[in-house]
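J.:
There are 2 protein chains.
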Amino acid sequence: MNAPFRLGIAGLGTVGTGVVKIVQTHGAALAAKAGRPVEIAAVSARNRSLDRGVDLSAYAWEDDATRLASREDVDCVIEVIGGSNGPAKALAEQALAAGKHVVTANKALIAHHGQELAEAAEAAGAALRFEAGVAGGIPVLKAIGEGLAANQLTRVFGVLNGTCNYILSEMETSEADYADVLAEAQRLGYAEADPSFDVGGIDAAHKLAILAALAFGTRIDFEGVVTEGIERITLADIKTARDMGYAIKLLGLARMHETGLEQRVRPCMVAETTPIGALTGVTNAVVAEGDFVGSCVFTGPGAGEGPTASAIVADVLDAARGIVTPAFGRPAANLKPAPRLQHGEEHSPYYLRFMLADRPGALAAIASALGEKGVSIHRMRQYGQGDPVPVVIETHDAHRDAIDAAVASISNLPVSQAPPVAIRIEEA
Amino acid sequence: MNAPFRLGIAGLGTVGTGVVKIVQTHGAALAAKAGRPVEIAAVSARNRSLDRGVDLSAYAWEDDATRLASREDVDCVIEVIGGSNGPAKALAEQALAAGKHVVTANKALIAHHGQELAEAAEAAGAALRFEAGVAGGIPVLKAIGEGLAANQLTRVFGVLNGTCNYILSEMETSEADYADVLAEAQRLGYAEADPSFDVGGIDAAHKLAILAALAFGTRIDFEGVVTEGIERITLADIKTARDMGYAIKLLGLARMHETGLEQRVRPCMVAETTPIGALTGVTNAVVAEGDFVGSCVFTGPGAGEGPTASAIVADVLDAARGIVTPAFGRPAANLKPAPRLQHGEEHSPYYLRFMLADRPGALAAIASALGEKGVSIHRMRQYGQGDPVPVVIETHDAHRDAIDAAVASISNLPVSQAPPVAIRIEEA
Chain A
46 MNAPFRLGIA
56 GLGTVGTGVV
66 KIVQTHGAAL
76 AAKAGRPVEI
86 AAVSARNRSL
96 DRGVDLSAYA
106 WEDDATRLAS
116 REDVDCVIEV
126 IGGSNGPAKA
136 LAEQALAAGK
146 HVVTANKALI
156 AHHGQELAEA
166 AEAAGAALRF
176 EAGVAGGIPV
186 LKAIGEGLAA
196 NQLTRVFGVL
206 NGTCNYILSE
216 METSEADYAD
226 VLAEAQRLGY
236 AEADPSFDVG
246 GIDAAHKLAI
256 LAALAFGTRI
266 DFEGVVTEGI
276 ERITLADIKT
286 ARDMGYAIKL
296 LGLARMHETG
306 LEQRVRPCMV
316 AETTPIGALT
326 GVTNAVVAEG
336 DFVGSCVFTG
346 PGAGEGPTAS
356 AIVADVLDAA
366 RGIVTPAFGR
376 PAANLKPAPR
386 LQHGEEHSPY
396 YLRFMLADRP
406 GALAAIASAL
416 GEKGVSIHRM
426 RQYGQGDPVP
436 VVIETHDAHR
446 DAIDAAVASI
456 SNLPVSQAPP
466 VAIRIEEA
Chain B
46 MNAPFRLGIA
56 GLGTVGTGVV
66 KIVQTHGAAL
76 AAKAGRPVEI
86 AAVSARNRSL
96 DRGVDLSAYA
106 WEDDATRLAS
116 REDVDCVIEV
126 IGGSNGPAKA
136 LAEQALAAGK
146 HVVTANKALI
156 AHHGQELAEA
166 AEAAGAALRF
176 EAGVAGGIPV
186 LKAIGEGLAA
196 NQLTRVFGVL
206 NGTCNYILSE
216 METSEADYAD
226 VLAEAQRLGY
236 AEADPSFDVG
246 GIDAAHKLAI
256 LAALAFGTRI
266 DFEGVVTEGI
276 ERITLADIKT
286 ARDMGYAIKL
296 LGLARMHETG
306 LEQRVRPCMV
316 AETTPIGALT
326 GVTNAVVAEG
336 DFVGSCVFTG
346 PGAGEGPTAS
356 AIVADVLDAA
366 RGIVTPAFGR
376 PAANLKPAPR
386 LQHGEEHSPY
396 YLRFMLADRP
406 GALAAIASAL
416 GEKGVSIHRM
426 RQYGQGDPVP
436 VVIETHDAHR
446 DAIDAAVASI
456 SNLPVSQAPP
466 VAIRIEEA
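So the protein sequences, as listed, match chains A and B.
To convert, count from 1 in the first sequence and add 45; that's the numbering used here.
To convert, count from 1 in the second sequence and add 45; that's the numbering used here.
(1) Run through DSSP, which three-state label would B/Leu253 get?
(2) Within 7 Å of any Cβ in chain B, is that where the Cβ of A/Ala249 sits?
(3) Using 7 Å as the limit for Cβ to Cβ distance, is B/Leu332 near chain A?
(4) What residues match up with B/Ala330 in a beta bridge as DSSP calls it?
(5) Using alpha carbons as the reference points, say which of A/Gln462, A/Pro433, A/Ile470, A/Arg424 lies closest to A/His444.
(6) Compare the Cα-Cα distances from B/Ile438 to each of B/Lys187, B/Leu415, B/Ala143 and report the closest residue.
(7) Among residues of its own chain, excluding the 5 on either side of B/Val125, which ones have a beta-carbon nearer than 6 Å to its beta-carbon?
(8) Which two residues bound the contiguous alpha helix (DSSP H) that contains A/Val338?
(9) List the whole-angstrom C-beta distance separating B/Leu295 from B/Leu213, where the pair is believed to meet the contact cut-off of C-beta under 8 Å.
(10) Using the Cα positions of B/Leu154 and B/Asn130, report the straight-line distance between them to the nearest angstrom.
(11) Pull up the CB-CB distance for A/Leu227 and A/Ala238, whole angstroms please, since I reckon it's below 8 Å.
(12) Check distances from the C-beta atoms of the region 184-198 of chain A to those of chain B and list, in chain order, the residues that come in under 8 Å.
(13) Going by other Cβ atoms of all chains shown within 10 Å of its Cβ, with 16 needed for buried, is B/Thr440 buried or exposed?
(14) Can you check whether the CB of A/Ala79 is closer than 7 Å to the CB of A/Leu362?
(15) Which partner residues does B/Leu296 have in the DSSP bridge list?
(16) Quick one, which of B/Gly374, B/Ala330, B/Ala348 has its alpha-carbon nearest A/Val342's?
(17) Mind checking whether A/Ile173 and A/Ala163 have CB atoms under 7 Å apart?
(18) Anyone know if the C-beta pair for B/Val182 and B/Ser355 falls short of 7 Å?
(19) Measure the CB-CB distance between A/Asn379 and B/Ala77 and report whether it falls below 7 Å.
(20) For the region 327-351 of chain A, which residues have a beta carbon sitting closer than 7 Å to at least one beta carbon of chain B?
(21) Against chain A, does B/Ile255 count as a neighbour if the rule is that its beta carbon must be under 7 Å from one of theirs?
(22) Strictly under 7 Å for the Cβ-Cβ distance: is A/Asn379 near chain B by that measure?
(23) For A/Gln462, which option in A/Ala407, A/Ala473, A/Ala412 has the closest C-alpha, if you only look at C-alpha atoms?
(24) Hey, B/Val420 and B/Gln427 are a contact pair by Cβ (cut 8 Å); roughly how many whole angstroms apart?
(25) Is the beta carbon of B/Val310 less than 7 Å from the beta carbon of B/Leu233?
(26) Thinking C-beta only, is B/Val147 closer than 7 Å to B/Val122?
(27) From the DSSP output, in three-state form, read off A/Lys152 for me.
(28) Could you name the residues that DSSP lists as bridge partners for A/Leu173?
(29) How would you list, in chain order, the residues of chain A whose beta-carbon sits under 8 Å from the beta-carbon of B/Ala354?
(30) Using 7 Å as the limit for Cβ to Cβ distance, is A/Val475 near chain B?
(31) Per DSSP, A/Gln427 is paired with what?
(32) Within 7 Å (strictly less), CB to CB, does A/Lys78 reach chain B?
(33) Check A/Leu52 in the structure and name its three-state DSSP category.
(34) Quick one: list the residues of chain B neighbouring A/Leu362, beta-carbon separation under 9 Å, in chain order.
(35) What residues in its chain sit with their C-beta under 8 Å from that of B/Phe373, if we drop five residues either side in the sequence?
(36) I want to see whether chain B comes within less than 7 Å of A/Gly61, judged by CB atoms only; does it?
In structure tokens:
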């Protein structure tokens, strides 16, 4: 048997503890797969006395996580501290500088510093891997970076945040309002006390930026992700969407256009019969489209102790097998900055909802304002007899700037009684 | 730039031609990903003069495919000749013996000779890869062998044959009989003139045997796959299934039990709202369940020029990057023969259809025969008022031998007017 592959685990929350459990439970199988024993040498966390339900007595303890980077008995550092800066970043940098492999679940760290860390890893001949950072237990980075590597990918999108998908699908199922479902999600542990990272789309944007860089061979550009959360989605819109055959999903989407890279996280309408439209609960799903393969869908658990630890240990196994490939699938120096697609160039069909005064000519005023901006109507529905009365329009394919202009113009009309809502309809 | 990675392609049907197209179209990207140029050195097929729509003039030509194995300018042989013996096997053996990597789409070859070929590859320090052989363009072997390698897998199953899924879903959609839909599938090119390999379940069984070996670390055992095709599925059963919330799918399933490995390809009923139940057309899907990750679903195109070539070139890229890991995820010598699960030990709920004489006591006779064999009834439906009248029963979980005994006993009752039908209900 070859020399053992020795791990230093920084962070012993649920994910770090999950990694310990896998190594302790499946030691023999991991050794058979890696061709060498996979062992934990040292661990680090803030509180040594906390009972985490696993026996840590055989491992060295470091109070300071960054000291794992300089331990001679560590070949690979597992960073599950979290945060895009501070000790997580310092540890990753120091470990790579010392020639150690780094496996992390930290999407914020990679979204912000992926390029420099990838360069550092290559300079050191070490692996930098972050499968656990995107879509939890689903091996989607491996699928896109290796399994579909023969293709020019054209579009990558999916449901990347389980909290948001739980809230949206629960609003639909139980016909409850956003605030009530969010409170329930917090009670169940699906949402944080401060949910803004999830419901505001930031978490999904971190993941999307990573997916886009890997899919298109571009420099990671988190700041280029247009991000909008689910806070303003109403039960009314969810019901209307369903009535028209759609589900509302917080979609992360990256697509390469001739004029630039489109990256956005935004609530979208998706046909309810598609794998993405039918996705309920905290499950994640990623769709990758390539020029030769067509469309593949990867679905599974997007978070949690077991799934996240599963992805980390898969990365560990690759490193233990001696597989050291560039973090984003090609040498970091070859990753090109992509121009950002301009906002107005985005185009798709849109769902528009207006609250109109119930008076003659109201609909005509809307239709004419849309026509003036070049937005054509695919179908229209009026709901109920109230005043104001909700009117929903599904447009044909339209540029975003035309939609924005039409919505601005209509919201100034006297018949418009509330700010209009515009939600993109995505072919999924 | 490093030395080029040079390919010899044996077989220039649609898949081989697809590989040529990818290499010609994406040469620069493949080189960036592999860290070295990926080039075609030589090709071989039966008919040199055939116009295949690609320019082959820059490549050496071999009339005899096995000569690719001895060419000094070939690092990796791509075997897309097909067939479990003959030139495909000879080529793979000779190429591995010469230390060349072998990438193949040939599931029959691997299902029958995977163990000896894996041993030969390891002895030579060469890669043997066959992602394209299972589920076409979906990188499911990579997902199971690498992406989920941290887990003990508990069950792997899926829709592995697009032809059968097309026929079954088309029977449901168009309410047509098996023979008519098969004829249509043949006209569309989805089914061969002799469809028996597909509709008889053999093709799916080849793929399942490969999945099982990789998932459980066992020696491949194609002969151990219990195989039943879709030829006897009737429109009546499809309609009844739908009425009860199920779809009928040809499911390949492998599960490790304490007493042995269950491997079977068989029509099953699956809840229509699950990813597998909702799968229509020629699409494939594989579900993998692991002890830490939970359940992941991989969906995509299971056949065709582009998808199959995509999978082949992904394997080529790994080999070009220098990744040489054991074909079944761990050293071939460590793959243990698994005892086969005995037929009667299988258990699940079952769908039973009886054609009963419309006379008093008929139902009671059935119910009592089931009860005698220890099969309990979950729900029962009687359809229409004809004579004989179809009666459908969904059982609770039951062992297969109890079901067989009950069915045998009922088919001997005077009230039973036609052979009963028993279809397993699988939780998917």
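Quick reminder that beta carbons are idealized off the backbone N, C-alpha and C, glycines included.
The structure presented is a predicted model; accordingly, all values stated were derived computationally and were not measured.
T.: For this structure:
(1) helix
(2) no
(3) According to the sequence as given, residue 332 of chain B is Val; it is not Leu. No, because no Cβ of chain A sits closer than 7 Å to the Cβ of B/Val332.
(4) B/Val204, B/Thr344
(5) A/Ile470
(6) B/Leu415
(7) Gly56, Val60, Gly61, Ala150
(8) It is not in any alpha helix (DSSP H) - A/Val338 carries neither H nor E in the DSSP assignment.
(9) 7 Å
(10) 7 Å
(11) No, A/Leu227 and A/Ala238 are not in contact; Cβ-Cβ is about 11 Å, not under 8 Å.
(12) Pro184, Lys187, Ala188, Glu191, Gly192, Leu193, Ala194, Ala195, Asn196, Gln197
(13) buried
(14) yes
(15) B/Arg311
(16) B/Ala330
(17) Note on identity: in this sequence residue 173 of chain A is Leu, with Ile being the wrong assignment. Going by C-beta atoms, A/Leu173 is nearer than 7 Å to A/Ala163.
(18) Residue identity differs from the one stated: residue 182 of chain B is Gly in this sequence, not Val. Contact flag set, yes.
(19) yes
(20) Gly335, Phe337, Val338, Gly339, Ser340, Cys341, Val342, Phe343, Thr344, Gly345, Pro346, Gly351
(21) no
(22) yes
(23) A/Ala407
(24) Actually they do not touch by this definition, with Cβ atoms about 18 Å apart.
(25) no
(26) yes
(27) helix
(28) A/Val147
(29) Ala195, Phe337
(30) This structure gives no information on residue 475 of chain A, because the portion of chain A shown stretches from 46 to 473.
(31) A/Val436
(32) yes
(33) strand
(34) Glu191, Ala194, Ala195
(35) Gly159, Ala163, Gly190, Ala258, Leu259, Gly262, Ile265, Leu380
(36) no
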